[in-house]
Each structure stands twice: as C-alpha cells, then as structure tokens.
Amino acid sequence: MTGSSYQAVMARRNEIMKAAVGLDYSRYESGGIAFDYEGMMKAPGLGIAEILSIQKDFAIGNTPLIELKNITALARKYAAPGKGARILIKDEACNPSGSFKARRAALSVHIAREMGYPGVITATSGNYGAAVASCCAKAGMKCIVVQECYDSTGRGQPEIIEKARKCEALGAEVVQLSVGPELFYVFLRLLEETGYFNASLYTPYAVLGIQSLGWEIAQQTREQFGRDPDLVVATNAGGGNLTGTARGLKTAGCGAPVIAASVDLSGLHMASDRQFNRKSFTTGHTGFGMPYTTWPDRSDVPRSAARPLRFMSGYYTVTQGEVFYTTEMLTALEGIERGPAGNTSLAAAFSLAQTLPEEALLVVQETEYTGAGKHQNAQLSFARSNGVRITVGNPEDQVPGESIILPEDPSQIKARKVDLNRLRRSLIANAMGSRRAIPSKEDIAFLSEETASEEAFVIETIENYLEDKHEAG
Amino acid sequence: MARKGDWVRLISVILAPGERAPQVPEDTAKTSLTQWVKGWLLADAEVGSPARVRTRTGREVEGTLLEAFPLYDHSFGEFIPELQQAQEGIRRAKWGEENKE
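Protein chains in written order, with the numbering used here: chain A, 1 to 473; chain B, 1001 to 1101.
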C-alpha cells in the first residue's frame, strides 16, 4: 500500500520500522504470546564492558553517587526510632545532555553510525531528545527530534519548549506537533522520507544503555560504603529506566530490589487537547507508567526491550506537589538544584526511607538538569495561568489537573503503594486480548516471567479472565 | 516580508479534524493535528502566506509562514509565594526556628 494518508502509512508501519531499527524482530517470535526476550537483548552482542566503553567515548556515565545527609537527617525526624535509611542519589544531571537518557542515546547513535544510517530520528518530548541530539553532535550525524509540544491553540508546555531549545542548540532539527497519538504517523513519514535510524527508547540498544547505570550504582555503593545497596528507587514512565537499571544491578551481581515511582496523574487523558496543559509533568507519571507497565508492546517497536514488571519489587505513586516540594528540599538542604521530573523517585524515597533501618542504603538512581521552563517555579506558574489551583495543605486532597498541593511540612510526603497483582492481572489480560482458550505452556511460562509471578497465579488469572469473557459474551 | 535565506518558522495542518485517528478523545478530534517546523526560507514571503524552507537536515518543507527569526522566551515564570513558603518551611524543619549565623 502506497500513499501518505494516515491509514496507508500506518499499514506500512512494520516494514518502515524494520528498515529503521536494523533489527528483525520476527526472529524472536514464537507465534503465540511468548517471544524470546533474552535472545532479543543479546542480539546487539554488547556486554557491560562494550557498553561502558561506547559511553565513555561520548563522555557519558561515571556520574557521582552523593549521600544526601541533610535530607536523611530530616527523614529520620519523622521515622520511628532506629528507622530512616541513608539516602544516596546518582547525579545523572552530570551527563553531557543533563540526564540519564544520555546512556540510551549513546548506544543508539553508536549503532546507527556503525550500520551506516545517514542520520537519527527520535520521537520524544523528554530529555531523550537532547540526549540523542548531543550524541549526534559528537558523532557528526544529522538528527531530527519529533515532539508533542502544543495544544491546538499553540500554547506550549514550558518544559517541552526548553527541551526543544536544547535540541536546537545541539544542532538538531525539531519538528513540533499539537496533541495527539498521530505523532507516530508523522514520525513514520519522516523515517520513510529520510531513511534515518529510529532511536526508539524501546530497542535493545536503548535499554542496554541504561544497564551501565545499575552497574555503576552497585560498584560505587561497594567502593564508597563497602557493601551493596538495600533498595533502589527508579522513576517509571515507559519502563526502560527501571528495566535497564535492574538488569545492570544483576549484571554486577547485586540483588537489591528495585522500586518504581511515578507522579500520580490519574484521571487525566494523555491524548486530550484540553487536558494537555493542565498537567505539570510531561514524563515520569502514571499516564505513561501504568499503560507501559501493563502492556510494554504498545511502544514504537514491535517488541519493547523495556519490560518493567519483570524487574519491579514494588510500585509507588507521589503527587505533583510532593515532587515540587522535594525538589525545593534538594535545593534548600543539599545545595543541589535539579529539575523536578527527575526528583519523582526522590520524593518516594524520602517516604520509603522512613520504613527502613538507619543502616540501610537507599539509592535514588537519577537527577536531571534544570533551567528556564524546566523548573518547579516555571511549572507552577504555568499551571496557575491554566487555572490549576496552587495551595499549601495536605497533598492527599489534590486532584490532578485541578489542583496542586504543596505539603505543609515534610511529614506529609507519603509514597502510596500500587497493588502489583492488579498490574500483573492487567498485563495478562492485555496479552490474552481476543484469545478465548488457555494458551500454550510456553506462553504461560513467558507470562510468569513477564509478571515475575508463579505459573499458578498466571493460570488462575487466565481462568478468571476467560470466565468473565464467557459471562460477558 | 521575510527574505530568502531568513531563518523562519512555518505552521501547517497535517490532519484536519475529519482525518484524525479513530482513538483520539472527542476534544482532540475537533482540532487539527498541527506542525511547526523551522528552516531557511527558499523565497521571499509574507507572514501568513504559503512558504517553503530548507530545514537543518536539508529537507524541504512547506507551510504557512508564521514568523521570521523565532526566539525562545520561556522563563522561570511568575513569583510563586507558595514555593517560597515551602522552602522556608523546609529550612525550619531541618535547622529550627532561628537562622543559624
């Protein structure tokens, strides 16, 4: 099917993607629900030594692991005697483009150059755009970043506008779009037009790139504190950050559990033109975190390398107000000014640390750069101008899109637990789709790995799912 | 009037309201999918009239001329007293009521 209509281009998506990522995903398919995830991850033939070496060439990685002594002391004021883990933070803002996304970009751009692509395209409104632009600048490659940036009136999110500025400063062409999932259609057309590499966030390269972050956390905690961390908290959106970090920790022989943290944006529709500018976080929120955790293959590649439910030991949400407040805390008490979105995991960590013993080591695995637009003051100012109420009070009372409530005092920062079994059942239901019979043994074993749960749980969930469908239909 | 070779910004409609994807919510479906692209103008043009540019990657793109020499004016926003109150509260929570000299 040729032509440039929405339907015609979407019908060609698989062939366009195959040409643009240089990976034949069909090799790893079983024909059923299952596919060979580990086989796909091994396809690029990149071990941790090669990953570290490629990133070193881009001056990426080896960022400081900093103990937040004042924040730890403050958390202990609200904890039971003997409780209050030592909070450490991996200062990923020190990467060339200002975030951990540099790690993902380095591998993608390296592979694109090796395979002889003339340029690189990425579809992102986040820090990843600047990361790809930065690596392309160093590699001497052309770069296009496609952003969802404005509502239909042309009013843009200040954080995304800042990212556009940074991408352009680093030499990229930025294509900006109004709200809508058809960004993917524009993206596919650009891939066809240019023949560039798709630096998707969800290829094996992009997720392997984050393994160095987990690896460094294990090594630095051992060097600086003489032992492994007890808990690692990762901000969760598309799932790559958590997946890569957990895989890297495992590669280093570290068994620390990894906890996901997202900003609670429940009730807001991510593709709504009207609601687009009523949210103050453009990533790290439940609007991406929940759907991608329960159905990773909704991404822009046939099979996502980011499969967070395999690796997550818990999932917590925090409010927008709590994250802005924690960002102020990092500035006021540690003298470190960083961007708010990256501090989602720090807000959760402040609360979780209070449940752990004082000798425990809790690692917050990222920070991101800050600046005009990408700052809690800019975000709150923008929210207020859009009619969102900004108050000081109890964060529990917030309604995403209607209000942002900064805590009255640090005791009100509370990470709220998400029921992981609910997410596991949701993933299994999504995998079943229109199937109306118990799938193969191979599929059940796969779903057991996908959800990090027993096969008995998978079978019970499927039986209940089929029963519900039978009653409904 | 913008001159050939000026760095400009174009706006164009990619999908009109009737052409939007079936899954978009109702409010979004009523709007156009709009695109903004920057590049060097290929021929003199007036703001609001059709124009073509060559982008940084060498692509030729057409649309309506929106502005010449586009600039970034995003900022840190208006003063937010609640944020200042939060920061003062955090300092007090850690260091106590009196400022340490």
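We put the CB at the ideal spot given by N, CA and C, even for glycine.
query: Tell me the rounded alpha-carbon separation between Leu543/A and Glu337/A.; result: Nothing about residue 543/A can be read from this structure; chain A reaches only from 1 to 473.
query: Given a cut-off of 9 Å on the beta-carbon distance, is the pair Leu447/A and Ala431/A in contact?; result: yes
query: What residues are listed by DSSP as bridge partners for Arg436/A?; result: The partner list for Arg436/A (beta bridge, DSSP) is empty, contrary to what the question assumes.
query: Does Ser499/A pass the burial test, meaning 16 or more other C-beta atoms within 10 Å, or should it be called exposed?; result: In the structure as shown, chain A begins at 1 and stops at 473. Residue 499/A is therefore absent and cannot be evaluated.
query: Sorted by chain position, which residues of the same chain lie with C-beta nearer than 6 Å to Ser351/A's C-beta, five sequence neighbours on each side aside?; result: Ile413, Lys414 and Ala415
query: Tell me which residues share the same chain as Asp419/A and place their Cβ nearer than 6 Å to its Cβ, disregarding the 5 neighbours each side in the sequence.; result: none
query: Indicate the three-state DSSP secondary structure (helix, strand or coil) for Lys279/A in the structure shown.; result: coil
query: Find the residues of chain E that neighbour Pro1025/B, judging by a C-beta separation of less than 7 Å, and give them in chain order.; result: Checking the listed chains, one finds no chain E in this structure; the protein chains it contains are A and B.
query: For Trp295/A, does the three-state DSSP call read helix, strand or coil?; result: coil
query: Determine the contact status of Thr124/A and Ser108/A, defining contact as a CB-CB distance below 9 Å.; result: no
query: What separation, rounded to the nearest whole angstrom, lies between the Cα atoms of Gln320/A and Tyr128/A?; result: 21 Å
query: Mapping DSSP to helix, strand and coil, what is Thr391/A?; result: strand
query: Looking only at its chain, what residues have a beta carbon closer than 6 Å to the beta carbon of Ala261/A, apart from the 5 residues adjacent to it on each side?; result: Val233, Thr235, Tyr316, Thr344, Ser345 and Ala348
query: Is the beta carbon of Gly287/A less than 9 Å from the beta carbon of Leu309/A?; result: no
query: My guess is that Ala102/A and Ser134/A are in contact by the Cβ rule of under 8 Å, so how many angstroms apart are they, rounded?; result: 7 Å
query: Going by alpha carbons, who is nearest to Val21/A out of Pro204/A, Ala59/A, Ala472/A and Lys279/A?; result: Pro204/A
query: From Ala383/A to Ala341/A, what distance separates their C-alpha atoms?; result: 15 Å
query: Does the beta-carbon of Gly339/A have 16 or more other beta-carbons within 10 angstroms, so that it is buried, or is it exposed?; result: buried
query: Just to confirm the assignment: which complete alpha helix (DSSP H) runs, minimum length 4, are found wholly within the stretch 1040-1099 of chain B?; result: 1081-1095
query: On a Cα-Cα basis, can you pick out the residue from Arg27/A, Asp36/A, Met17/A and Ile71/A that is closest to Ala332/A?; result: Ile71/A
query: Going by other Cβ atoms of all chains shown within 10 Å of its Cβ, with 16 needed for buried, is Asp443/A buried or exposed?; result: buried
query: Counting only beta-carbon atoms, is Gly180/A nearer than 9 Å to chain B?; result: yes
query: Within 9 Å (strictly less), CB to CB, does Asn394/A reach chain B?; result: no
query: In chain order, which continuous runs of the alpha helix (DSSP H) of length 4 or greater are located wholly inside the stretch 334-364 of chain A?; result: 344-352
query: Determine the direct distance from the alpha carbon of Phe324/A to that of Tyr150/A, and round the result to whole angstroms.; result: 23 Å
query: For Glu29/A, which of helix, strand or coil comes out of DSSP?; result: strand
query: Taking 9 Å as the CB-CB cut-off, is His285/A touching chain B?; result: no
query: Just how far apart, CA to CA, sit Ala79/A and Ala360/A?; result: 14 Å
query: Against chain A, which members of the stretch 1032-1057 of chain B pass a CB distance test of less than 9 Å?; result: Ser1032, Leu1033, Thr1034, Gln1035, Trp1036, Val1037, Lys1038, Gly1039, Thr1055, Arg1056 and Thr1057
query: Determine the burial state of Asp57/A: buried for a count of at least 16 other Cβ atoms within 10 Å of its Cβ, exposed for fewer.; result: exposed
query: Going by Cα to Cα distance, which pick from Gly82/A, Tyr202/A and Tyr37/A is closest to Gln354/A?; result: Gly82/A
query: Starting from Phe382/A, find everything on chain B with Cβ-Cβ shorter than 7 Å and list it in chain order.; result: Gly1077
query: What is the DSSP secondary structure of Glu1101/B, reduced to helix, strand or coil?; result: Because the pLDDT at Glu1101/B is just 47, under 50, the model does not fix this residue reliably, and the point stays unresolved.
query: Considering Met312/A, what are the terminal residues of the alpha helix (DSSP H) in which it resides?; result: Looking at the DSSP string, Met312/A is not in any alpha helix (DSSP H); the run it does join, the beta strand (DSSP E), is Met312 to Val318.
query: In this structure, what does DSSP give as the bridge partners for Pro407/A?; result: Gly393/A
query: Show which residues of chain A have a CB atom less than 8 Å away from the CB atom of Glu1082/B.; result: Leu380, Ile390, Thr391, Val392 and Leu406
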